[in-house]
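Here the structure comes first, spelled out in structure tokens, and everything after it is commentary.
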Amino acid sequence: MAYLSLSASLRTLLLTLLCVGVCGCAGAPAQEMSNARQAIKAARDAGAAEVAPQKLNEAQSLLEQAESSLQKGDYKGARRSAVAAKGRATEALSAVQPTTRKESG
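When the letters of the sequence shown are read in order and numbered with mature numbering (1 follows the signal peptide of the UniProt record, and there is no 0), they come out as residues -30 to -1, 1 to 75.
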């Protein structure tokens, strides 16, 4: 009898975890979009437009793609583009930082 109860509990737990996992992935990528916007702003504020304009433009373009995907309900595509936008913005910011250190040192 205890075996059946454990089996049912295990099944319920696995089903719950599966639902949470699926629902967590299916939502709008609000955090990723926010992270990308903040990274682009930080890069722009640090002077990436002068030092790494191509990377900054790529980041902005990827963010626009993410926004377009989001409006179409393509959350997976929006998330992918937003993460890529943050990555490009981080690269642009990294290009600025060595220049800033040289000037201050």
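Glycine residues also receive a C-beta, built at the ideal position from the N, C-alpha and C atoms.
All of these numbers come straight from a predicted model, not from anything done at the bench.
Separation of residue j from residue i, as counted between CA atoms
i, j, result
"residue 3", "residue -20", "35 Å"
"residue 15", "residue -3", "27 Å"
"residue 26", "residue 52", "13 Å"
"residue -11", "residue -1", "The predicted model places residue -11 with a pLDDT of 49, which falls under 50 and marks its position as unreliable, so this point remains unresolved."
"residue 40", "residue 68", "35 Å"
"residue 58", "residue 43", "24 Å"
"residue 6", "residue 56", "4 Å"
"residue 12", "residue 24", "16 Å"
Minimum C-alpha distance to residue i - residue among the options
i, options, result
"residue 36", "23, 54, 24", "54"
Residue i in three-state terms, based on DSSP
i, result
"residue 11", "helix"
"residue -3", "coil"
### Message
I want to know whether the region 62 to 69 touches the region 30 to 41 - three or more CB-CB distances under 8 Å.
### Response
With the cut-off at 8 Å, the region 62 to 69 and the region 30 to 41 do not touch.
### Task
Kindly confirm or deny that the region 38 to 47 and the region 8 to 25 touch, where touching means at least three C-beta pairs closer than 8 Å.
Contact between the region 38 to 47 and the region 8 to 25 is absent, because fewer than three Cβ pairs lie under 8 Å.
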